[in-house]
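One line per chain: the protein sequences are A and B, in this order. Residues 0 to 345 (numbering that gives the first Met the number 0) make up the first sequence, in order. Residues 0 to 265 (numbering that gives the first Met the number 0) make up the second sequence, in order. Data block below; observations after.
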Amino acid sequence: MLDSLTDSHPYTKYIVGTLIFMLMILIDLQLNIFASRTINLFIRVVYFSIMALGFNMLLGFAGQISLGHAAYMGLGAYLTAYFSNFMGWNFLLILLLSGLIPMVLGIALGLIALRMERLYLAIATLGLGVTGQMIFQEWRAFTRGFSGIRLDRPEIFGFAFNNSRHFLLLATAILLLVIILTYNFSRSRTGRALSAMRDSEYASQSLGVSLFKYKLLAFAASSFYVGIAGSLYAYAERFVHPSTWGVELSLDMLAMVVIGGLASIGGSIVGAAFLVLVPRITAATPLLAEITNMNYILTGLAMILVIKYLPLGIYNTIDVKLIQPYLIGRSSKEFRYQDLEKQEEG
Amino acid sequence: MAEEENSLPILKVNNLTKTFGGLVAVDELSFSVPQGIIYGLIGPNGAGKTTVFNMITRFYKPDSGKVLFQSDQGEVDLLDYRVHEIIDLGVARTFQNIELFNNMTVIENLMAGGHSQLKTNFFQEIFRLPGFKAKEKETRQQALEILDFLGLAGKENQPASSQPYGVQKLLELGRILMAEPEIILLDEPAAGMNDSETNRLAKLLQLIKDEFDITIFLVEHDMSLVMDICQQITAINFGKKICQGSPAEIQASEAVQEAYLGRKEN
Numbered sequence: 000m001l002d003s004l005t006d007s008h009p010y011t012k013y014i015v016g017t018l019i020f021m022l023m024i025l026i027d028l029q030l031n032i033f034a035s036r037t038i039n040l041f042i043r044v045v046y047f048s049i050m051a052l053g054f055n056m057l058l059g060f061a062g063q064i065s066l067g068h069a070a071y072m073g074l075g076a077y078l079t080a081y082f083s084n085f086m087g088w089n090f091l092l093i094l095l096l097s098g099l100i101p102m103v104l105g106i107a108l109g110l111i112a113l114r115m116e117r118l119y120l121a122i123a124t125l126g127l128g129v130t131g132q133m134i135f136q137e138w139r140a141f142t143r144g145f146s147g148i149r150l151d152r153p154e155i156f157g158f159a160f161n162n163s164r165h166f167l168l169l170a171t172a173i174l175l176l177v178i179i180l181t182y183n184f185s186r187s188r189t190g191r192a193l194s195a196m197r198d199s200e201y202a203s204q205s206l207g208v209s210l211f212k213y214k215l216l217a218f219a220a221s222s223f224y225v226g227i228a229g230s231l232y233a234y235a236e237r238f239v240h241p242s243t244w245g246v247e248l249s250l251d252m253l254a255m256v257v258i259g260g261l262a263s264i265g266g267s268i269v270g271a272a273f274l275v276l277v278p279r280i281t282a283a284t285p286l287l288a289e290i291t292n293m294n295y296i297l298t299g300l301a302m303i304l305v306i307k308y309l310p311l312g313i314y315n316t317i318d319v320k321l322i323q324p325y326l327i328g329r330s331s332k333e334f335r336y337q338d339l340e341k342q343e344e345g
Numbered sequence: 000m001a002e003e004e005n006s007l008p009i010l011k012v013n014n015l016t017k018t019f020g021g022l023v024a025v026d027e028l029s030f031s032v033p034q035g036i037i038y039g040l041i042g043p044n045g046a047g048k049t050t051v052f053n054m055i056t057r058f059y060k061p062d063s064g065k066v067l068f069q070s071d072q073g074e075v076d077l078l079d080y081r082v083h084e085i086i087d088l089g090v091a092r093t094f095q096n097i098e099l100f101n102n103m104t105v106i107e108n109l110m111a112g113g114h115s116q117l118k119t120n121f122f123q124e125i126f127r128l129p130g131f132k133a134k135e136k137e138t139r140q141q142a143l144e145i146l147d148f149l150g151l152a153g154k155e156n157q158p159a160s161s162q163p164y165g166v167q168k169l170l171e172l173g174r175i176l177m178a179e180p181e182i183i184l185l186d187e188p189a190a191g192m193n194d195s196e197t198n199r200l201a202k203l204l205q206l207i208k209d210e211f212d213i214t215i216f217l218v219e220h221d222m223s224l225v226m227d228i229c230q231q232i233t234a235i236n237f238g239k240k241i242c243q244g245s246p247a248e249i250q251a252s253e254a255v256q257e258a259y260l261g262r263k264e265n
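Spelled out as structure tokens, the structure:
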């Protein structure tokens, strides 16, 4: 059953994986096996996965860089807090707006990217990110500055997601939707145009890819994802504070995508899980816990090791070395079987 | 021969000039490429051949001149279009240093080549709306046929970057065929190929011209290839035209011999 599913649609592995995870949480809802801090850990992995997918769309698929994306995620989070506290709008509407408004502003980043490349683009977007954080600190009417802003868990049609397990299920369902859209996007004319632009701007232009259109599109789409992730962050943590949206978060996005795997959906999720788990593991390890900022040191070390020894990223390496040979081996067996059948018929 | 010379020009270059600082790379250059033939542009290193290509395909902006192209919509000046728009008119090119999409597979490279032909929109793509699948399948089928035509069937799922040099050159050629162009500009298609690969390329270019009904305009250093397959040739030196005509006329031209070998001392 599973085999026939994975054969027909390559992204079924993500759907099946997500559904199994959701089933596990559903069972846990009855049995309460996981500690609530573990559930919170899962929630973090889920919203960071959406964030990493958005950043991967930019860096992995389109080959553009931004070190200001934390501000866009912060914007998504603040918009959610604002709309939920002061407007009392529907959750789905708020989620959508928290993606759409950063998306429109993300086009500004795209305009910068049309004029600058690589290092210069990184520096310019870094500046924009820092500016964003400053605005969050100072614009008290919207963000309440350093006091931070509180909000409640979302409600859909009268059902409040106060239970963290319920919220985790909701967030996972959104992640699944994002994964499917990303997959569809990457295997299409637009996705190929982005990758073409990444690999050769000259050749892609001569084949009809407008750099103007596709650079703006890459920044807009990734800002949308990151805004959605920010919205889920706000709902999950029920508190938004300006200190969250600094350069560290933008660098975390970069680390997730590089460690997990560039231009890969699975890589984004593995990278997000890695960055969520590292601080937890260091905090739980007696000696490491005493060293300040140990998790940053370990993340940096992991990045160096991955770039040196697993340049495809953790997920992609496993995929290329283990999963794909298995799948190809199996399909070639099937092929031989079909050949035999044909020979018999002939 | 006479019949070919009479055929309508598909591309007319009029008084094209380009300077880089004080250097005049292309100087008041005019020539016209007749439809349905293989046309060669030759000249010693630094003569300005690639600069001409880059101006026709809009990577460089000429200082003055016109590039008139006979498209479906009548005669247009390519200089009125932007670099990514000329493919829609039917003008495609390859690059001197191969510009493949290295992190994509062979078939993805070809399918990306069909960018201008494949008409699916963003929402059709992300939601897999009706119409998407059929168009995508059609493009894939076309890519497989072109791979087959190039003798590269079976390589579709391999990474483009892992292909040998000669195959990469062919892939770049296949990628522009996906765009169903009227004219293709090949910047040194045989560079780096050995003799047997060059011979195969010569046959392939003849086939492309005849079967796909595409005009081929090439810059090439391999003189035996140029003399073999081009029906008409323009020779340039220091950005100026020094000779134009059939391969035999070019070979007989003193100006061309002088440009390549230097002036005969008396």
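Positions of the beta carbon are idealized from the N, C-alpha and C atoms, including for glycine. This one's a predicted model, so the numbers in the text were calculated from it and none came from an experiment.
- One Cα belongs to Phe47/A, the other to Leu28/B, and the distance between them is close to 58 Å.
- A residue is called buried when at least 16 other Cβ atoms come within 10 angstroms of its Cβ; Asp251/A meets this threshold and is buried.
- If you draw a straight line from the Cα of Ala228/A to the Cα of Ala262/A, it is about 18 Å long.
- Note: Arg92/B is bridge-paired with Leu184/B in the DSSP secondary-structure output.
- Proximity of His114/B to chain A, defined by a Cβ-Cβ separation below 8 Å, is satisfied.
- Separation of Leu78/A and Gln29/A (C-alpha to C-alpha, rounded to the nearest whole angstrom) is 34 Å.
- Residues of chain B with a Cβ closer than 7 Å to the Cβ of Gln204/A are, in chain order, Val82, His83.
- With contacts defined as CB atoms closer than 8 Å, Pro8/B and Val32/B qualify as a contacting pair.
- Residue environment analysis places Ala152/B among the exposed positions, since fewer than 16 neighbouring C-beta atoms fall within 10 angstroms of its C-beta.
- Counting along the chain, Leu110/A sits inside the alpha helix (DSSP H) bounded by residues 90-114.
- Secondary structure remark: continuous alpha helix (DSSP H) runs of at least 4 residues inside the stretch 139-208 of chain A, in chain order: 139-142, 163-185, 188-198, 200-205.
- Here DSSP, grouped into helix, strand and coil, assigns Leu40/B to strand.
- Bounds of the alpha helix (DSSP H) holding Asn55/A are 35-55.
- One finds Thr189 in chain A with Cβ atoms closer than 7 Å to the Cβ of Phe121/B, taken in chain order.
- The count of Cβ pairs closer than 8 Å, one atom from the stretch 89-106 of chain A and one from the stretch 230-238 of chain A, reaches three, so the stretches are in contact.
- Here the C-alpha atom of Phe131/B lies approximately 53 Å from the C-alpha atom of Leu287/A.
- Going by DSSP, Thr49/B is part of the alpha helix (DSSP H) stretching over 48-55.
- Apart from the 5 residues on each side of it in sequence, Glu171/B sits with its Cβ closer than 8 Å to the Cβ of Thr93, Phe94, Ile97, Glu98, Leu99 in its chain, given in chain order.
- Beta bridge pairing from DSSP links Ala234/B with Ile41/B, Cys242/B.
- For the alpha helix (DSSP H) assignment, the uninterrupted runs of no fewer than 4 residues enclosed by the stretch 268-310 of chain A are, from N- to C-terminal side, 285-288, 293-308.
- Under the 8 Å Cβ criterion, the stretch 99-113 of chain B counts as touching the stretch 159-167 of chain B, having at least three qualifying pairs.
- The C-alpha of Met222/B is placed about 13 Å away from the C-alpha of Gln230/B.
- When beta bridges are read from the DSSP output, Ile215/B appears opposite Ile37/B, Ile183/B.
- Along the stretch 166-184 of chain A, the positions whose C-beta sits under 8 Å from a C-beta of chain B are Leu180, Asn183, Phe184, read in chain order.
- Below the 7 Å Cβ cutoff, chain B contributes no neighbours of Ser242/A, its closest Cβ being approximately 35 Å away.
- Every alpha helix (DSSP H) of 4 residues or more that sits fully in the stretch 84-151 of chain B is shown, in chain order, as 85-88, 105-112, 121-125, 131-148.
- Judged by DSSP secondary structure, Gly261/B falls outside any beta strand (DSSP E); it is assigned neither H nor E.
- Of Ile49/A, Asn31/A, Met21/A, the smallest CA-CA separation from Ala272/A is found for Ile49/A.
- The straight-line gap separating the alpha-carbon atoms of Asn44/B and Phe30/B is approximately 20 Å.
- The CB of Thr56/B comes closer than 7 Å to the CB of Ser205 in chain A, given here in chain order.
- Classified as exposed, Lys202/B has fewer than 16 neighbouring CB atoms from the shown chains inside 10 Å of its CB.
- Restricting attention to Ser70/B, Asp79/B, Leu109/B, the CA atom closest to the CA of Val90/B is found in Ser70/B.
- Beta-bridge analysis with DSSP links Glu74/B to Gln69/B.
- Counting only Cβ-Cβ distances below 7 Å, Leu117/B has contacts in chain A at Arg188, in chain order.
- Per DSSP, Thr243/A is not a residue of any beta strand (DSSP E), being assigned neither H nor E.
- Here DSSP, grouped into helix, strand and coil, assigns Leu7/B to coil.
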